[in-house]
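**Q** Chains as they are written, first to last, in my numbering: chain A, 208 to 494; chain B, 11 to 302; chain C, 59 to 410. Note that CB positions come from ideal geometry on N, CA and C, so glycine has one too.
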């Protein structure tokens, strides 16, 4: 009797085991399956709609078919370049500070605020750039959009630089200082070069992340159906074009939105794959 | 020295951000006071603005995203960390981490053209199973709180999976071995030993995802339906804070209107800070509990 | 230190590369590129886009960049001075004019460009016919009082059409818009209750419905949503091949929006055009008149400090009123009546 109960109990436990384990497998299947399905859809659909015109032509007048997004591609490149020029130095230097001089309360505060800034929704950054640049300057511009993106880059740049600098073995620093180098000299000549690859990859990943940001651009760099000369004029950008074209009524716009999505995502994923490859190789070497 | 200046810049930028939001929302804050947060009217003609429908839409879609995302995400993380052969696990994890890099606007694009047609197909079955609840009432137009929640869940699942998987992997293997040696099944060792051990990290990943979902803009704007009403049915269209700012900020006529939108931005900012803060507190709390 | 310098150099090099790539891509343009920025109404967007495209091809150094952010956006941004010109389908209110004067220290001028029409457009599976709508039916639908497609108010006006018993899904604009202004201006003329409870403005507190962004967004939304109805500018319905209804005018005739019926709506207004061009022509008299028609305006500050920009804008206005008008009909917008063109030609001189 007692034995029967025991085995019943055991059977129950074994069943639960089997059911739950297959359930987790099922979860994995659903989660990755759905995600891969929709991305596959994007690649098939976007690739189909891609043409040479897409890269070389300006958008056609509204409602006419044809044309491309050459100005949006260049616009995105300019916005990213600007964001990098502003965001990376601040982020990198901040990261050096946290990694090398960051044991005090002030560093704790900086770290806390960096996390805070990282958590600020991108649309709020858009409002910030609008009140900070667009309103005082009196016009929408590449500058305003680039600034908004740079603010998004800073916190990530800080944390990734800090992380990679910290990963540099203590022995290296001590060695340099034992040879008589000052702390700042040791950082410049030994620590930063040692962390260089990691930091560079961090920047690449960071750029890939902000490349797809749309919300901070809607009311800073606005949009433009022509080329945007210089830095003081509104500019088109790929993410904003996807947004407007996807919601438009024209079939041709939808197709171009797919093509733009394809281009944008291919770039982002390529950067991610390359960066991860570099990082994993580095991890092997350092071990 | 230079590095200190850079560190100070972060503080300055963040302080300036809060200051700008605060100053530019002054008009609305003075006119409506705290009642802004609990008023459900949004009437641009009468210049009556209340944040409640947007807060509601934001919270409902985010919670829905968590309800769908947590079981799927944590389940998949357990599978990848505990059960799957290492090769498959690292391959899938690589893919999933790539998915976390997909921008919001692309999820919106897919939401409009792939997900909504899919939801139209499962509307019938959903209604026949859950149609008795107030959550699945009324007509379904495609764009809705439900669509926004589902798109959001897809966006946060990669986060939950990759962080949870890492914390589960970090659980020392003697914990598992001890449980197995005592005669526990694989599932029992995972669920009763490993998961509680990793509880803190999993909760952290969930809160991070929540903060992300709350502030998510583009994908939600494209599928939520843009209707500032408070309706219990998930089939109904709604509106989120981020979505109304994206839609109306550049075009809101009148100072008070703009100011109200900026105050919404301030509310969203505060909301994400509270969630991030809560995540920290919670994580600290659980860590001291499991520590003993 | 070295690294920072290298970083800075790299950054500058990148900027320079992007800059030169841009020059190279732009090609021959030897003269300085002038970009005039404008924004606003989505209602005439296809027309403006066509004009600006033609004009850019004619004068390659001149680009008019137009953002279709909605009429309220046009009014807001021109008042803030973030764009060189605005555009709207609803004339600015006295309050808005006053605000403009206070902010910018000069007046803003309205220049009618074309005439267009708001049409009720719908997506009812199985119905391809052009339905008839009375003003009362439209008020009822947008108030949420008429909720089924087979409501008597609709079946009465459409004998012989088998309207389904499905729920009506209302789609409206999510942002401030001149198309909305024209639409609710008409509804208010039909229904005092609408005027009192909802009012007339670019964005209102809608009793029912989904929001779509822009004429583009509303058309897109209707196409994706069975049993929906919304209002868009005629060209959007035509270009995206959507069915749209006839509307009963004040003489009791159901009229379809087209060049003739929209032009007819402007007949009286063109004779009695006020000096500031601010005029509403919804629900105008006449049996051929399409009742939900409107002028659409460019909003141009009276004073333009930058002489090149001023010249570019006034030149464009003159071109738009002459050659530009010849392109209107291909896009189903009605051209401006002759007296209005003459009056505007004179008004251009007021831009200083």
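Residue 323 (chain C) to residue 306 (chain C), Cα distance in whole Å?
**A** Approximately 13 Å, taken between the alpha carbons.
**Q** According to DSSP, is residue 203 (chain C) part of a helix, a strand, or is it coil?
**A** The answer is coil: DSSP assigns residue 203 (chain C) none of H, G, I, E or B.
**Q** Along the chain, which unbroken stretches of the alpha helix (DSSP H) at least 4 residues long are found entirely within the stretch 406-473 of chain A?
**A** If we require 4 residues or more, the alpha helix (DSSP H) runs fully inside the stretch 406-473 of chain A come out as 422-425 and 445-454.
**Q** Does the separation of the CB atoms of residue 144 (chain C) and residue 123 (chain C) fall below 9 Å?
**A** Not closer than 9 Å, so no.
**Q** Could you tell me the alpha carbon to alpha carbon distance between residue 168 (chain C) and residue 181 (chain C), rounded to whole angstroms?
**A** The alpha-carbon atoms of residue 168 (chain C) and residue 181 (chain C) are separated by roughly 35 Å.
**Q** Straight-line CA distance for residue 85 (chain C) to residue 81 (chain B)?
**A** Note that residue 85 (chain C) has pLDDT 42, beneath the 50 cutoff, so the model's placement of it is unreliable and no number is given.
**Q** Taking only the alpha-carbon atoms, compute the straight-line gap between residue 376 (chain A) and residue 402 (chain A) and give it to the nearest angstrom.
**A** So the alpha carbons of these two residues sit roughly 10 Å apart.
**Q** Between the stretch 305-315 of chain A and the stretch 437-450 of chain A, can you find at least three pairs of beta-carbon atoms closer than 8 Å?
**A** They do not touch, by the three-pair rule.
**Q** Can you find a C-beta in chain B that's less than 9 Å from the C-beta of residue 345 (chain A)?
**A** No, residue 345 (chain A) does not count as interfacial toward chain B.
**Q** Taking three-plus beta-carbon pairs below 8 Å as touching, is the stretch 315-323 of chain A in contact with the stretch 373-391 of chain A?
**A** Short answer: they don't touch.
**Q** When the Cα atoms are used, what is the spatial distance from residue 177 (chain C) to residue 99 (chain B)?
**A** Straight-line Cα distance between these residues: approximately 56 Å.
**Q** I want to know whether the stretch 186-200 of chain B touches the stretch 39-59 of chain B - three or more CB-CB distances under 8 Å.
**A** At 8 Å Cβ cutoff, the stretches do not touch.
**Q** Give a yes or no on whether 9 Å exceeds the smallest Cβ distance from residue 34 (chain B) to chain A.
**A** Yes, its Cβ sits closer than 9 Å to a Cβ of chain A.
**Q** Would you list, in chain order, the members of the stretch 125-150 of chain C that have their beta-carbon closer than 9 Å to a beta-carbon of chain A?
**A** From the stretch 125-150 of chain C, only 125, 126, 127, 135, 138, 139, 140, 141 and 142 have a Cβ closer than 9 Å to chain A.
**Q** For chain F, check one thing: does any of its Cβ atoms lie closer than 9 Å to the Cβ of residue 283 (chain A)?
**A** The displayed structure is made up of protein chains A, B and C, and chain F is not among them.
**Q** Any beta-carbon of chain A closer than 9 Å to the one on residue 162 (chain B)?
**A** It does not; no Cβ of chain A falls within 9 Å.
**Q** So, is the C-beta of residue 234 (chain A) closer than 9 Å to a C-beta in chain C?
**A** It does not; no Cβ of chain C falls within 9 Å.
**Q** In three-state terms, what does DSSP make of residue 275 (chain B)?
**A** Residue state, collapsed to three classes: helix.
**Q** Which bits of chain C does residue 379 (chain A) rub up against, with CB to CB less than 7 Å?
**A** Neighbours of residue 379 (chain A) on chain C: none; closest Cβ ~16 Å, over 7 Å.
**Q** Assuming the contact rule is C-beta atoms closer than 8 Å, residue 142 (chain C) and residue 367 (chain C) should be a hit. Round their C-beta distance to whole Å, please.
**A** About 6 Å; that satisfies the 8 Å criterion.
**Q** How about residue 279 (chain A) and residue 171 (chain B): are their beta carbons less than 9 Å apart?
**A** Cβ distance not < 9 Å, so residue 279 (chain A) and residue 171 (chain B) don't count as in contact.
**Q** Is there a C-beta anywhere in chain C that falls below 9 Å from the one on residue 462 (chain A)?
**A** It does not; no Cβ of chain C falls within 9 Å.
**Q** Between the C-alpha atoms of residue 366 (chain A) and residue 270 (chain B), what's the straight-line distance to the nearest angstrom?
**A** In a straight line, the C-alpha of residue 366 (chain A) is about 34 Å away from that of residue 270 (chain B).
**Q** Please list the terminal residues of the continuous alpha helix (DSSP H) segment that includes residue 137 (chain B).
**A** Taken as a continuous stretch (DSSP letters only), the alpha helix (DSSP H) holding residue 137 (chain B) covers 126-140.
**Q** Residues in the same chain with beta-carbon distance under 7 Å from residue 328 (chain C), minus the five sequence neighbours each way, listed in chain order, please.
**A** Contacts found: 395, 397 and 398.
**Q** Please check if any C-beta of chain B sits within less than 9 Å of the C-beta of residue 238 (chain A).
**A** Residue 238 (chain A) counts as touching chain B.
**Q** Once DSSP output is grouped into helix, strand and coil, what is the label at residue 391 (chain C)?
**A** Looking at residue 391 (chain C) - three-state DSSP - the assignment turns out to be coil, as it is neither helix nor strand.
**Q** Does the beta-carbon of residue 237 (chain B) have 16 or more other beta-carbons within 10 angstroms, so that it is buried, or is it exposed?
**A** Per the 10 Å Cβ criterion, buried.
**Q** Helix, strand or coil for residue 225 (chain C), going by three-state DSSP, please let me know.
**A** DSSP places residue 225 (chain C) in strand when its eight states are reduced to three.
**Q** If we require 4 or more residues per run, which alpha helix (DSSP H) segments fall completely within the stretch 292-358 of chain C?
**A** If we require 4 residues or more, the alpha helix (DSSP H) runs fully inside the stretch 292-358 of chain C come out as 292-297 and 317-329.
**Q** Any Cβ of chain A within less than 9 Å of the Cβ of residue 196 (chain B)?
**A** Cβ-Cβ to chain A under 9 Å: yes for residue 196 (chain B).
**Q** Using the Cα positions of residue 107 (chain B) and residue 169 (chain B), report the straight-line distance between them to the nearest angstrom.
**A** The alpha-carbon atoms of residue 107 (chain B) and residue 169 (chain B) are separated by roughly 8 Å.
**Q** Would a check of beta-carbon distances place residue 85 (chain C) closer than 9 Å to chain B?
**A** Caution applies to residue 85 (chain C), whose pLDDT of 42 falls short of 50 and renders its modelled position unreliable; the model cannot decide the point.
**Q** Cα separation between residue 203 (chain C) and residue 267 (chain C)?
**A** Roughly 12 Å separates the two Cα atoms.
**Q** Name the one or two DSSP bridge partners that residue 219 (chain A) has.
**A** Note: residue 219 (chain A) sits in no beta bridge, so no partner.
**Q** Do we get a CB-CB distance below 9 Å when we pair residue 391 (chain C) with the residues of chain B?
**A** Not one chain B Cβ lies under 9 Å of residue 391 (chain C).
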